[in-house]
Amino acid sequence: MRLQYPTDIKIILLPCTGKLDVLHILHAFEKGADGVYAVGCMEGDCHYNSGNLRARKRVEQAQHILDTIGIGGERVQMYNLSSSEGPRFAQIAVEMDERIKKLGPNPIKRAKNRAA
Amino acid sequence: MIVADKKPIEEIIEEIKAHDKILILGCNECVTVCEAGGKKEVGVLASALRMYFLNQGRNVKIDEVTLERQCDHEYLEEIRDRMDQYDAVVSLACGVGVQFMAEKYHNTPVYPGVNTCFLGATEKRGLWTERCQACGQCILASTGGICPVSRCAKRLLNGPCGGSVRGSCEINKEIDCAWQLIVDRLKALNRLDDYEKVCSLKDWSFDRAGGPRKVVREDVQQ
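Order-wise, the sequence lines are chains A and B. According to the numbering used here, the first sequence holds residues 1 to 116 in order. According to the numbering used here, the second sequence holds residues 1001 to 1222 in order.
Spelled out as structure tokens, the structure:
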């Protein structure tokens, strides 16, 4: 399809979004990521039954923690789509890219620069 | 096991905000099983605190260690050589571990990172329920293995009160009446005669009413 999507997104492959942990998300922010989003299969279509449902709960936990510590929970999102939805994948990437650009850089990155 | 629940991060931040070098100390036992204070919870809390303080413009050292147990001298000794690096510890162990830690390293303030709730069991992941109140004199032999001390709101020892309605407790319909469970169980065991036996007054001095308790076993002491 040769679809275009923003180049500032780094894709990390997981065997299933059920592998995603709150710690992975938090560590990404600690290391300076401006946003993180998980792209799982459609709800009800998980090959491991509940991996994507677990991922959603973990994303919500991470959102709560990031809100609490002042980083902003809206920097983390969960999306569900099927593997045949390439255009939707590209559309989500654009949507997330715009959302993060609106929010600005991760404040941790700026704090680290100030401290250095 | 001892069941605990995580304290809100805001509450922990409020307690420790005056410190600059903090150790987050987890426990590999009960609090790991109830997902409140094991290695993963230590990692999550430490990461959140590091980001919080950095965002506040403060350079606070936050380290993570998870011990096999915090209620045994030998495991707490494992951190002795690094304790001088910290001016505070957040212990994610149960209240026992927090206190043992505080007794052992009495120059370093120790803050609890969890609320210790009860002695209970894992019904399913994310659901833990109370099963024992450590009353010191177990009567489970005569109640079909169901404890009226921990599971009856009134701790009744000789049958249900008038608030037992269709198998539920009057304080909450979602709570089973312990005595209904006991009667059903004794019936299934064909031991309903046990229900007729009057349980005499329980000696509550073995419970908390007798003050802090101890178990002394000279046969195993060294």
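Glycine included, C-beta positions come from ideal geometry on N, C-alpha and C.
Review point. In terms of alpha-carbon separation, which member of B:Val1060, B:Leu1076 and B:Arg1058 lies closest to Thr1066 (chain B)?
Key: Taking the second sequence and counting its residues from 1, the one referred to as residue 1066 (chain B) is at position 66. Comparing Cα-Cα distances from Thr1066 (chain B) to each of B:Val1060, B:Leu1076 and B:Arg1058, the minimum goes to B:Leu1076.
Check your understanding: Would you report the Cα separation of Asp1194 (chain B) and Arg1208 (chain B), rounded to the nearest angstrom?
Key -> For the purposes of this step, residue 1194 (chain B) is identified with residue 194 of the second sequence, where counting begins at 1. For the purposes of this step, residue 1208 (chain B) is identified with residue 208 of the second sequence, where counting begins at 1. Computed Cα separation, rounded: 28 Å.
Check your understanding: Would the beta-carbon of Tyr1111 (chain B) fall within 8 Å of that of Ile1016 (chain B)?
Key -> For the purposes of this step, residue 1111 (chain B) is taken as residue 111 along the second sequence, with counting starting at 1. For the purposes of this step, residue 1016 (chain B) is taken as residue 16 along the second sequence, with counting starting at 1. Contact flag set, yes.
Review point. Which residues share a DSSP beta bridge with Met78 (chain A)?
Key: The residue given as residue 78 (chain A) occupies position 78 in the first sequence. According to DSSP, which records beta bridges pairwise, Met78 (chain A) is partnered with A:Ala38.
Check your understanding: Is Val22 (chain A) closer than 8 Å to Ala62 (chain A) when the C-beta atoms are compared?
Key -> Position 62 of the first sequence, counting from 1, holds the residue named residue 62 (chain A). Position 22 of the first sequence, counting from 1, holds the residue named residue 22 (chain A). Contact flag set, yes.
Point to revise | Limits of the unbroken alpha helix (DSSP H) element including Leu1054 (chain B) | key: Working through the second sequence from its first residue, we reach residue 1054 (chain B) at position 54. Lys1039 to Asn1055 is the span of the alpha helix (DSSP H), which, as asked, contains Leu1054 (chain B).
**Study point:** Interface residues of the segment 1033–1056 of chain B facing chain A [CB-CB below 7 Å]
**Key:** Lys1040, Gly1043, Val1044, Ser1047, Ala1048, Arg1050, Met1051, Tyr1052, Leu1054 and Asn1055
Exercise for review: Leaving aside the five residues before and after Val1149 (chain B) along the sequence, list all residues of the same chain whose C-beta is less than 6 Å from its C-beta, in chain order.
Suggested key: Numbered from 1 along the second sequence, position 149 holds the residue referred to as residue 1149 (chain B). So the list reads Gln1133, Cys1135 and Arg1155, once near-sequence residues are dropped.
Practice item. Please classify Pro87 (chain A): does DSSP put it in a helix, a strand, or coil? Key: Translated into positions along the first sequence, residue 87 (chain A) becomes position 87. It is helical.
**Study point:** Coil, strand or helix - Glu1174 (chain B) by DSSP
**Key:** Against the second sequence, residue 1174 (chain B) aligns to sequence position 174. The answer is strand: DSSP assigns Glu1174 (chain B) an E or B state.
Review point. Is the Cβ of Ala38 (chain A) closer than 8 Å to any Cβ of chain B?
Key: Here the question's residue 38 (chain A) lines up with position 38 in the first sequence. Cβ-Cβ to chain B under 8 Å: no for Ala38 (chain A).
Point to revise | Beta-carbon spacing of Leu1023 (chain B), Asp1063 (chain B) below 8 Å | key: As a working note, residue 1023 (chain B) is residue 23 in the second sequence. As a working note, residue 1063 (chain B) is residue 63 in the second sequence. Contact: yes.
Point to revise | Segment limits, alpha helix (DSSP H) that includes Leu1119 (chain B) | key: Working through the second sequence from its first residue, we reach residue 1119 (chain B) at position 119. From DSSP, Leu1119 (chain B) is part of no alpha helix (DSSP H) but of the beta strand (DSSP E) over Val1114 to Lys1124.
Check your understanding: Under a Cβ-count criterion, where at least 16 other Cβ atoms within 10 Å of its own Cβ denotes burial, should Lys1006 (chain B) be classed as buried or exposed?
Key -> Taking the first residue of the second sequence as position 1, residue 1006 (chain B) is located at position 6. Counting Cβ neighbours within 10 Å, Lys1006 (chain B) comes out buried, since at least 16 surround it.
Point to revise | Neighbour flag for Gly107 (chain A) against chain B, beta carbons, 8 Å | key: Here residue 107 (chain A) is taken as the residue at index 107 of the first sequence, counted from 1. According to the sequence provided, residue 107 (chain A) is Pro. The question's Gly does not apply to it. It does: the Cβ of Pro107 (chain A) has a partner Cβ on chain B nearer than 8 Å.
Review point. Can you pull the DSSP bridge partners for Cys1169 (chain B)?
Key: Position 169 of the second sequence, counted from the start, is the residue given in the question as residue 1169 (chain B). Partner(s): B:Asn1172.
Review point. How would you write the range of the beta strand (DSSP E) that Ser1091 (chain B) sits in, first residue to last?
Key: As a working note, residue 1091 (chain B) is residue 91 in the second sequence. Counting along the chain, the beta strand (DSSP E) containing Ser1091 (chain B) begins and ends at Ala1088 to Ser1091.
Check your understanding: Looking at the structure shown, is Leu1023 (chain B) part of a helix, part of a strand, or coil, going by DSSP?
Key -> As a working mapping, residue 1023 (chain B) is identified with position 23 in the second sequence. The answer is strand: DSSP assigns Leu1023 (chain B) an E or B state.
Practice item. Would you mind reading off the limits of the alpha helix (DSSP H) that contains Arg1131 (chain B)? Key: Residue 1131 (chain B) sits at position 131 when you count from the first residue of the second sequence. No alpha helix (DSSP H) holds Arg1131 (chain B); the beta strand (DSSP E) holding it covers Leu1127 to Cys1132.
Review point. Can you tell me whether Asp1203 (chain B) is buried or exposed, with buried defined as 16 or more other CB within 10 angstroms of its CB?
Key: Translated into the one-based positions of the second sequence, residue 1203 (chain B) becomes position 203. That one is exposed.
Practice item. Confirm, please, whether the CB-CB distance from Leu103 (chain A) to Gly73 (chain A) is below 8 Å. Key: For the purposes of this step, residue 73 (chain A) is identified with residue 73 of the first sequence, where counting begins at 1. For the purposes of this step, residue 103 (chain A) is identified with residue 103 of the first sequence, where counting begins at 1. Against a cut-off of 8 Å, the Cβ pair of Leu103 (chain A) and Gly73 (chain A) comes out as no contact.
Check your understanding: Can we count Ile9 (chain A) as close to the ligand MN, meaning its CB is less than 7 Å from some heavy atom?
Key -> The ligand MN is not part of the structure shown, which contains no ligands of any sort.
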